[in-house]
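To start, the structure itself, in structure tokens.
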Amino acid sequence: MIDFHCSKRHKDMTPIVKDTDIQEYAETLLRDYKPKLLQEPGKVNPIHFVEAYLDAVVDYQDIYYPEDEPAIAGATVFNDDHILVFDREAKRIKPIEVAANTVLIDNSTMADGKEGFAAFTVLHEGGHLCLHPAVYRRMGGQLSLFDSHKDGDSVVCCRRSSLEGGGSKRAKLTTQTDFREHQANVFAASIAMPRSTFTPAAQEMIRNCGFRDGVFVMPDVMDWDYSLGVSAIEESLSSLFGVSKAAANVQMKRLGLLMTEEQYLVQHRQFAVAF
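Note that our numbering has the sequence shown beginning at 7, numbered continuously upward.
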């Protein structure tokens, strides 16, 4: 595996990077892991990528979370640690030991019909493993007699709500946790839907809907035809890349292939000024 490097970090060691930096890093990993994924549209095997390439273990549990908090989709464990799970057989909450470099996927994420979301969740946790070890991993020799490590300090638990939107709106990112979740989302999308194959596949579908420059422009008030057109493209991309329709939608927006009329006009005004 190729390590992630960045020149700027927050004081808690969260990387300060652009989405394009993460996209380029993810593509570097794919080039090393399976170059064909950068040449032809297709589905990455998320379990194989995380286990065989990132050298992690994927496990499935009923991850415990308090009733009044958002559901957890997955978690990444950076050091040998303990997490709370729900033991359905005994009907009780219990701590279990989890080894370092383990990706935990909540069993509810694996529900029938949610395969695309499950795949994205595995890759999202892989993103944390690659991008955020400096935040969570305790290195040998860093601990002392004065350290008071608590269970869970080296575990990042990811809420379903932070994955379902795909991290599409940076304006909502306020905490460093928000930024790390967004970064893991961008990583997952870039592994599952790399730009070199996703963009031409999406543009061909968009042009078939009548948008000659390969950008689907949504009117301020969506009508039935536009909604059906977007939904059909999302469905096709979802099937082609093995992701959810929501993830395909976010990736189109992120790559400038799905815009509002205002966004499209602003971009073209910028192009006109530039040239």
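For each residue, glycine too, the CB sits at the ideal point set by N, CA and C.
*Closest by CA to C163, which one among K178, H138, T180?*
H138
*Hey, A79 and R186 are a contact pair by Cβ (cut 8 Å); roughly how many whole angstroms apart?*
At roughly 15 Å, the Cβ-Cβ gap does not stay under 8 Å, so A79 and R186 are not in contact.
*For S237, which residues of its own chain have a beta-carbon under 8 Å away from its beta-carbon, when the five flanking residues on both sides are left out?*
K251
*Where DSSP assigns a beta bridge to G220, which residues make up the other side?*
DSSP output for G220 lists no bridge partner at all.
*Enumerate in chain order the residues of its own chain whose CB-to-CB distance from N85 is below 7 Å, with the five nearest sequence positions on each side excluded.*
A106, R143, R144, S160
*Span separating the alpha-carbon of K259 from that of V104*: 37 Å
*Considering only C-alpha positions, which residue in the set K120, F193, W230, Y270 is nearest to V249?*
Minimum Cα distance to V249 is reached at K120.
*asked:* Please classify G48 as buried or exposed, where buried requires at least 16 other C-beta atoms within 10 Å of its C-beta.
replied: exposed
*heavy atom of the ligand COA below 6 Å from E30 C-beta*: Of ligands this structure carries none, so the ligand COA is not represented either.
*Per DSSP, Q67 is paired with what?*
D112
*Look at the alpha carbon of H88 and the alpha carbon of I69, and state the distance between them as a whole number of angstroms.*
11 Å
*Pick helix, strand or coil for A79, following the three-state DSSP scheme.*
strand
*Kindly indicate the opening and closing residues of the beta strand (DSSP E) around G100.*
Going by the sequence as given, residue 100 is Lys instead of Gly. Counting along the chain, the beta strand (DSSP E) containing K100 begins and ends at 98 to 104.
*Under 7 Å between C-beta atoms, does A198 make it to chain B?*
Absent from the structure: chain B. Only one protein chain is present.
_For C136, report the span of its alpha helix (DSSP H) as first-last._
121 to 137
*Please say whether Q273 and I4 have beta carbons closer to each other than 7 Å?*
Limits of the chain in this structure are 7 at one end and 281 at the other, which puts residue 4 out of reach.
*asked:* Taking the beta carbon of P72 as the centre, do at least 16 other beta carbons fall within 10 Å, making it buried, or is it exposed?
replied: exposed
*Taking the alpha-carbon positions, what's the L263 to T127 distance?*
Spanning the two alpha carbons is a distance of roughly 24 Å.
_Contact under 7 Å by Cβ, F60 with A81_ = The amino acid at residue 60 is misidentified as Phe; the sequence shows Leu. Not a contact, by the Cβ cut-off of 7 Å.
*Leaving aside the five residues before and after L261 along the sequence, list all residues of the same chain whose C-beta is less than 8 Å from its C-beta, in chain order.*
R201, F204, T205, A208
*I89 by DSSP, collapsed to three states: which one?*
strand
_According to DSSP, residues forming a beta bridge with T26_ = Per DSSP, none; premise fails for T26.
*Residues near K175 in its chain [Cβ-Cβ closer than 8 Å; skip 5 each side]*: Its pLDDT being 48, under 50, K175 is placed unreliably in this model, and the value from its coordinates should be taken loosely. A distance below 8 Å between beta-carbons, with the five flanking residues on each side excluded, links K175 to no residue of its chain.
*Would you tell me roughly how many angstroms separate the C-alpha atoms of D74 and G122, rounded to the nearest one?*
27 Å
*Is L36 helix, strand or coil when you go by DSSP?*
helix
_P41, buried or exposed, once every other Cβ within 10 Å from all chains shown has been counted against 16_ = exposed
_Cβ neighbours of L44 in the same chain (closer than 7 Å, five flanking residues each side left out)_ = E33, L36, R37, P200, S202, T203
*Cα separation between L135 and T183?*
15 Å
*Neighbourhood of I102 by C-beta distance below 6 Å, restricted to the same chain and skipping five residues each side*: Within the same chain, I102 has close Cβ partners V91.
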